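Quick note: the sequence shown uses this note's numbering, first residue 1, plus one each step.
All residues carry an ideal CB built from backbone N, CA and C; glycine is no exception.
Predicted model, so just to flag it, every value in this text is computed and none were measured.
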Amino acid sequence: MTQPRPLVAGNWKMNGEQASWKEAESLAGLLAAETAVRAEVMLCPPATLITSFGHQLEGSKLMVGGQDCHGELSGAHTGDISAEMLADAGASAVIVGHSERRTDHGETSEAVRIKAEAAHRAGLVAIICVGETETERKQGDTLNVICEQLSGSLPQNAKAGNTVIAYEPVWAIGTGLTPTLDDVGEVHRHIRAELTGKLGEDEASGMRILYGGSVKPDNAADLMAVADVNGALVGGASLKADDFWGIVSVYSEK
Ligand code: 13P
């Protein structure tokens, strides 16, 4: 079976100002010069930068994504941004259900599903995040938690072309810790099986499942080589073009 094209996405979280454009520009330059990279590459900067990045990167291979969206099209939701607005600003994808949003903003899986549906409505790819806490892993609940989050967050008619799943163990985010390669493989295999049950073999086999949580240039090759890992969602190491490139180049065919 043909493997889906990998995706390496950088989540800048609440980091970056206009001057950070130079990092995006370097990355776009590296991508333009390097034809052997078979992964799609995306940056998800804070909302304040999406319009300028979207504009400046038009025609480039580097894609732009949002970090969150509201479920509604428009209306009285102070401080929120709709998926349509992200698309209008030049985004082609949006992260939904990141554990930091589930924790900081009490987002339930149902709320995440509504956001993913909004992304689809706006023509964006929804990058749906799932992941267990340290306690849940210690209690042996990892697969149940992932299964529950996936069931609640995945739109019924999700397709390989409009949905990406990101497995991000909460305890691995920003800590320098990563699960063993066997553990990563077990969770990704489980997610693939769940997707197959929900969406059928065709959509499930083509859907990208990213690993995220302390992905760095020195561990990316091992993590990306695990079966059913189709790319990475990268936090800290995506802020500097050189570091991020060290991860992206894992997918260089040279
Ligand atoms: P780090 O790569 O900094 O651990 O962050 C991962 C993450 O949360 C990406 O969404």
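Nearest neighbour of residue i, chosen from the options [CA to CA]
i: Ala241; options: Gly231, Ala93, Lys13 and Leu27; result: Leu27
i: Ala158; options: Asp202, Gly10 and Phe53; result: Asp202
i: Glu84; options: Val226, Asp68 and Leu195; result: Asp68
i: Ala91; options: Leu49, Arg189, Ser109 and Leu210; result: Leu49
i: Met63; options: Ala47, Ala93 and Lys115; result: Ala93
i: Glu186; options: Ala221, His55 and Thr142; result: Thr142
i: Arg189; options: Ile146, Val37, Leu73 and Gly16; result: Ile146
i: Ala172; options: Leu195, Gly212 and Asn144; result: Gly212
i: Asp183; options: Gly176, Gly71 and Val226; result: Val226
i: Ile127; options: Asn162, Met224 and Thr178; result: Asn162
i: Lys216; options: Glu110, Ser20, Leu239 and Val170; result: Leu239
i: Asp228; options: Val234, Ile209, Gly236 and Asp243; result: Ile209
i: Gly231; options: Leu199, Tyr167 and Arg101; result: Tyr167
i: Arg121; options: Thr51, Ser74 and Val250; result: Ser74
i: Glu148; options: Gly174, Ala119, Glu134 and Arg113; result: Arg113
Identity of the residues DSSP links to residue i by a beta bridge
i: Glu134; result: Glu134 pairs with nothing; no bridge assigned.
i: Tyr211; result: Tyr167 and Ala232
i: Glu40; result: Leu7
i: His70; result: Ser82
i: Cys129; result: Ala166
Whole-angstrom distance between residue j and residue i, CA atom to CA atom
i: Leu255; j: Glu34; result: With the chain covering only 1 through 254, there is no way to say anything about residue 255.
i: Ala32; j: Trp245; result: 12 Å
i: Glu40; j: Glu132; result: 26 Å
i: Val125; j: Asp88; result: 14 Å
i: Phe53; j: Thr178; result: 31 Å
i: Lys13; j: Ile95; result: 11 Å
i: Ala221; j: Arg192; result: 21 Å
i: Cys44; j: Glu136; result: 28 Å
i: Cys129; j: Pro4; result: 18 Å
i: Ala19; j: Val248; result: 22 Å
i: Leu154; j: Leu30; result: 34 Å
i: Ile165; j: Met207; result: 8 Å
i: Glu58; j: Glu25; result: 12 Å
i: His70; j: Gln139; result: 33 Å
Opening and closing residue of the beta strand (DSSP E) in which residue i lies
i: Thr163; result: Thr163 to Tyr167
i: Asn11; result: Leu7 to Asn11
i: Leu62; result: Leu62 to Gly66
i: Ala93; result: Ala93 to Val96
Residue range of the alpha helix (DSSP H) that includes residue i
i: Met85; result: Ala83 to Ala89
i: Ala118; result: Ser109 to Arg121
i: Ala241; result: Ala241 to Val248
i: Lys159; result: Here Lys159 belongs to no alpha helix (DSSP H), and DSSP marks it neither H nor E.
Around the ligand 13P, what residues have a beta-carbon under 6 Å from a heavy atom of it, in chain order? Asn11, His98, Glu168, Ile173, Gly174, Gly212, Gly213, Ser214, Val215, Leu233, Val234, Gly235, Gly236 and Ala237
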